[in-house]
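In the order they appear, the protein sequences are chains A and B.
Numbered by UniProt numbering, the letters in the first sequence go through residues 1 to 935 in order.
Numbered by UniProt numbering, the letters in the second sequence go through residues 1 to 460 in order.
Working notes for the structure below.
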Amino acid sequence: MIGSPDLVPFTMEEGYEEPFHGASGLPEEYTVPLFPFSQANSSPWSRLCAAKFSRDFILISEFSEQVGPQPLLTIPDDQRICGEFDLNYFSLRIMSVDYQASFVGHPPGSSYPKLNFVEDSKVVLGDSKEGAFAYVHHLTLYDLEARGFVRPFCMAYISMDEEKIMRQFLELSSDFSKASKCLKTGNRKAFANELEKKLRDLDYTRTVLQREMEEQMKADDKGFYTTQTIDKANELASVEKSIIEHQDLLKQIQLYPYRKIKEPDFQPYEPESLQDSDVPNESEQPLPPSNPEESLVEEESSLYHPRSSYTPKFIKAKSSKCFDKKLKTLEELVDIYFFTQTIDLLTSIEKRYRGDLSYLLMKQLEKGLLEQQTVSNFLFEDIATWDAKLSSMHCSNTLALVQALQNPTFLEEPGNLKNSASLESYKSSVESVPIKIEQEVFEEGNHQETAERGVSDIPDNCEFNDVDFKGSVSSSDSIEVLRTEKSVALLTHSESQPCLRLSPQPPRRKVGSRRTISEDSIEVLSTCPSESVIPEDFRPAYQIAIHEEDPDGVDVDGEQPCNSTNNEENEPSPNDLSGDPACCMGAETLLAQTGNVTPVPNDGDINKVVSVPPQSYRNMDHAFQVKFSVDRAENHSNKVSPHGLSSPEAESTYLMSSGESVRLSIEEYSDSTSYRSSTSTCSDRTPSPAPCVSGLSERHRRKAGQNALMFIRQYPFSHPAIYSLLCGRTLIVLGEEEAFVRRLVTALSIFVPNHGHVAKPVNTWMTSPLHIMDFQKWKLIGLQRGGSPSSTNILHSLNRYSRYASVLDADHKTLRCPVYKGAFLQRLADHRTQIRRGSTYYMHVQSMLTQLSAKAFLFTFCHHAHLPIREKESEESIAQRRAAFLRQLLGLSEEDSKIVEYLSELLKMHYLRESGTQLLPVLRFDYIPNFLYKI
Amino acid sequence: MLRWLLGSREAHNGVEKSAVVDIGEEQTQNPYTELSVLQGHNDIVRFLLQIDESRFASACDDGSVFIWDVQTGDILCELRGHTQKITAIVAWGASDILQGKTDIILTASSDKTVIAWDCDSVQQVQKATDFHSTVKTLLVLQSLDVWLSGGNELRVWNREFNLLCETGYFVDGGISSLIELPKNCVAAAIGKDLIIFKLSVASRESDQWDVSEVRCLTAHQDIIRSLITVNDLTFVSGSHAGELIVWDALDWTFKAVERNFSEILSPQDAPQEIKLLQTPEEISVQHLASDEESVFAAVGRGLYVYNLQVKRVIAYQKRAHDSSIQHIAKLPNGQFVSCSEDGSVRIWELRSKPLHAESVPAGFFSMWGFGKAAKQSSHAVKKPHDTGIVATLELIGNLIGHSGSVQMFLYFKDHGLVTCSADHLIIIWKEGNRESRLRSLMLFQKLEQNGDLNPRFSLN
């Protein structure tokens, strides 16, 4: 017998576990030709067979001052993944495009070494030979023993799918920024510790030297100094100088939080410092923004308290050569706690970006859409979605250690931005940093942004841009830097503050720059340092810095082959759009708002390597469009910076032939609005942060889908059974064999509406007699039928409560439940369905049920279907209207209406509960006759 | 269904065992389509007492009394002071001015105490402990502002729990129930007898209260099971032997007697069932209820409607339940509700009998009937006109939820029916349609409050 349960195990596992292997049984003319490049193990999805690694991974490498670029670790730490991929070679590649500011030393006009609070740079580069593309995130960590006190590191997300990286650029950037922040925070802390130790050493050395000097002075009383004494004095002097220098460094590193605190994305790490109880005087304790001075004083005063835990050493005048000493490992550089945190974070990032691009995009899209539907999405969505929410919460909580917002109110009032991030506060952090970017500063009005929000909904130009983009790349060289971004986000929205989504976009400015140089087989296609928000005051400072530090850098435009005239300068934004598809792509994300990029001073060396076009809106969801008008206005009115231009033509020429570019630019300017709308399109693609939880229940879903498919095919009475589930009548699956019952229950569970953000009301296996509470609690129950006396009780209870439940006898293949005559289930559960795969069917069910919940939503929130529209309207007339609404407007038959009504009740109760009303859990039921179905 | 589930093992048991009236699964007139289960008690819940529009108290055999909010299902407070089962619970309105709002509950328990509770402050206000026996019944005389406890003696107390006076000791099991009669009299059921006591009220002349036995009415042949006041002029008592006596409340003479309800059955009606009825408890008058015209009597498993005008039973349902009926009441909405040891609550409607009704054999209905035959039929038990049966008790719905004997129920106008049971549960039965409407109303109110801007529910 075909319907026999014994067949299920055999039929179940086949067909969907492995990818399809040819032979579909269709005549050849109907078959889809196989993927032309398919070889033994390649799937059409792996586009680049040249890649020597099997899947995406994260690589951390370092530019060691002793041995040069070297890979440090990979995530996942699995030899097989990297395969034959040459990590050393690739490290060399990615480190060689590090053009960020790693300058340390004596800047002109300053006698002391300065620390740079260097921003990370983000680059996308491709190595066509290796078939590898990478998002590369450069960062520097401080090391007292390192040259210039900095050690350049980079984290790279390496994939064979270029598109994936381009499309996920913003997400990657934001995620890696988090990791980078984590590392840097730990590093600052470790660095400060190290400095303090060093100071203590120096202090000790000084006292020793002083003592020795005095002794010598005493020894030769003759009034002249021996050479020995002079040497000692020199030594002492140098020690003194060193002390001053180190104190200065320490002050700088301590000042870091003080300065940064003005920015919302400053991340105090109090929790860690609490953990590190052995470091009582944490030099970098977060300072309350209200009174930074005070706490600073405190810090300073606490700074020189003797520490019991550390005994100072005498420092010889000439320290050992740098090649003799062993450089600190990454774990040493970064506090171990932060190191593990970072690794965890990176591991989760790696997990999150696993899989094909389209899959990622769809998932993000779906998730974003689902999040919009807080009212109804609980009904049929996976628990995984809520888990995602929870775990992302969790995730952000752990991150919050590093990343907690200091002053949330600040965020909500964009107006404050300018004031809070004052020139002074910035200057200190930036002044010493050589910057070679041109920047444009935009300030946009919030009102405009909101006004133009609607425009952003049209899908996209990205594709086009993308193609263009690539086409323009001469890829003879093996490495292409596809994109970089440097962004300064003054404004960070942490996940913990979802309300911000509704708040207007803060005004923002943008720094765009473009440089190109192609030497050494590296072609940097674009970089886009952008500050998502830079207060106006900051700009001059920035500019000054540029002037001071690197006069050459100022003229970036001049270097550019074409025409950066003033006109062009004034209208940078269209350029931005065309320039970087990835930007557009990512810009949609709400992540943008949660972006946590820190101010980026750019390295002076860059301009040898890169030419930086204006582009990239990390944070442009809507704000994006607003910029145009305002920018222009602003740029026209006050041309504060001669460099604040990123000329559209300039970029265009890079991207396409000059003639074309001219045309394009004309078009752009003539109709900037339409242009905008077309570009902004992309901004809907990923409206939400990347999901934190991967396909946790993927397997479960597939199984359930497959079993459900089986159920529908095997049982002619699947419709009434599913109807029972959908209209809230408990379905009891009765059987002797637990595994079989469980399987049926899992299969059917995909049809069970949830009651709220709690576990599905499904009990897969019960062995005790049913109770009235069970019907209230469970909507799908697997029940044991056994020979024991207790089972008689079970059956008695079943009989007694037959009103509340439909009973599916799995052993005898009978079903007792109300009749179903509607149309909806015909489509939902068609036993002749062509769907073969469990996951497909699962998705089919999901989409059908989503339709249904949309109807339930309409029904629930349609005022006149429930409440009188005239005064003293009778209940009957409302009921009639309600019925008409269901039947005519929603086109539902009687049974389908029942389903919708039930869902509507769930929606109501959920909404009321969520908004704080206390409701008694209820069991709703009907007095409907039951029918007995048999196979 | 059972047969279907168990295979053929219990082939025809169901049909043979029970001839109780049944209604199919289709109960179009049954408005109760939503239920909420309240859990909290750990023993048999024996009494329910309405406190006000939204609160009720439940008394449990473990001595605890809970006060519930019928709207939210919350336990507002737990009154714990008794160590044994509650035997009587009565509400005492603060005063007439306060619109009958109850703020004092009196509870009597097998631990020989009576406690007065303030149900707003959840305080034990007073406690009387010096009883010689269990107080089985409590009565509040609002007009005199005193309360009476009935056990092996009758005692009169004032609000401050001062004993005002008491009677002598009754051997015969003591007072089982008390009702108030006009002219400061009370009737007490003691064994087979009804004793009328008169209270002489303290006045300026004498601040001495006194209670004295005025008359002893010995008409019943068995223990009096229930005693109710119908109106100012009439009260009714029912005995274990199935006697129902209507008394005049003023001169304490009996107006009418209905003995032996089983005789109402005519032989041709269902002869085989008479045999089943012969056990004594089957004709015990379990509970009485009344409206202006009729007295409703729960006799064994049957329900009888006795009309006071024509002085005879005008409708009955001899197999209203599977086992003894515990409590009956006529609801304000005209429904007549009974609950029984069989765990079910049934809703009846008294309908005038059509002139030419067809008699349907009761055996047709099977408790186990299910499947395609689940069609509603008329379940009235008919009587020829000459027996005086002019109406039928129509079963319009049954509520199945409890797994133990349903002890009592309460009706809230706005919230439906509350039942308590030996399965430790309290269930609120609500009218699903109305609840759904109310929720919609609340929903739109919330929406208005949120102004559609609730960030969690951005509905734009």
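For glycine and all other residues, C-beta sits at the position ideal for the given N, C-alpha and C.
Beta-carbon gap between residue i and residue j smaller than 8 angstroms
i: B:Asn398; j: B:Ser344; result: yes
i: B:Val20; j: B:Arg319; result: yes
i: A:Asp127; j: A:Arg151; result: no
i: A:Ser904; j: A:Ala854; result: no
i: A:Tyr911; j: B:Leu141; result: no
i: A:Ile158; j: A:Leu346; result: no
i: B:Phe197; j: B:Cys185; result: yes
i: B:Ile228; j: B:Ser290; result: yes
i: A:Pro859; j: A:Leu890; result: For the sequence presented, residue 859 of chain A should be read as Phe rather than Pro. It is a contact, given that the beta carbons lie within the stated cut-off.
i: A:Leu815; j: A:Tyr933; result: yes
Cutoff 8 angstroms: residue i Cβ touching any chain B Cβ
i: A:Ile732; result: no
i: A:His137; result: no
i: A:Pro921; result: yes
i: A:Thr767; result: no
i: A:Thr140; result: no
i: A:Arg924; result: yes
i: A:Ser853; result: no
i: A:Gln784; result: no
i: A:Gln776; result: yes
i: A:Pro929; result: yes
i: A:Ser915; result: yes
Collapsed DSSP secondary structure at residue i in the structure displayed
i: A:Ala89; result: It should be noted that the sequence gives Tyr, not Ala, for residue 89 of chain A. The answer is helix: DSSP assigns A:Tyr89 an H, G or I state.
i: A:Cys82; result: helix
i: residue 466 of chain B; result: The structure shown has nothing for residue 466 of chain B, since chain B only spans 1 to 460.
i: B:Gly73; result: coil
i: A:Arg837; result: coil
i: B:Glu166; result: strand
i: B:Ser18; result: With a pLDDT of only 43 at B:Ser18, under the threshold of 50, the placement of this residue in the model should not be trusted, and no figure is reported.
i: B:Ile426; result: strand
i: A:Arg354; result: coil
i: A:Asn377; result: coil
i: residue 939 of chain A; result: In the structure as shown, chain A starts at 1 and stops at 935, and residue 939 of chain A therefore has no counterpart that could be examined.
i: A:Gly705; result: helix
i: B:Ser143; result: coil
i: A:Phe53; result: coil
Minimum Cβ-Cβ distance from residue i to chain A less than 8 angstroms
i: B:Met408; result: no
i: B:Phe444; result: yes
i: B:Arg437; result: yes
i: B:Glu282; result: no
i: B:Leu6; result: Because B:Leu6 sits at a pLDDT of 44, beneath the cut-off of 50, its placement in the model cannot be relied upon, and the point is left open.
i: B:Ser403; result: yes
Beta-carbon proximity list for residue i, same chain, < 7 angstroms, skipping 5 on both sides
i: A:Val741; result: Val733, Gly735, Trp765, Gly782 and Ala810
i: A:Ala829; result: Ile712, Ser718, His719 and Ile722
Nonlocal neighbours in the same chain, by C-beta distance under 6 angstroms from residue i, ignoring five residues either side
i: B:Thr83; result: Gly63 and Asp111
i: A:Ile935; result: Lys813
i: B:Glu349; result: Glu394 and Ile396
Nonlocal neighbours in the same chain, by C-beta distance under 8 angstroms from residue i, ignoring five residues either side
i: B:Arg55; result: Ile67, Trp68, Asp69, Val70, Leu76 and Cys119
i: A:Tyr841; result: Gly705, Gln706, Ala708, Leu709, Thr833 and Ile835
Contact test: residue i Cβ vs the ligand PLP heavy atom, cutoff 7 angstroms
i: A:Arg151; result: This structure lacks the ligand PLP; in fact it carries no ligand of any kind.
Taking only beta carbons into account, state which residues of the segment 24-35 of chain B come closer than 8 angstroms to chain A, listed in chain order. Taking 8 angstroms as the upper bound on Cβ-Cβ separation, chain A lies near residues Gly24, Glu25, Glu26, Gln27, Thr28, Asn30, Thr33, Glu34 and Leu35 of the segment 24-35 of chain B.
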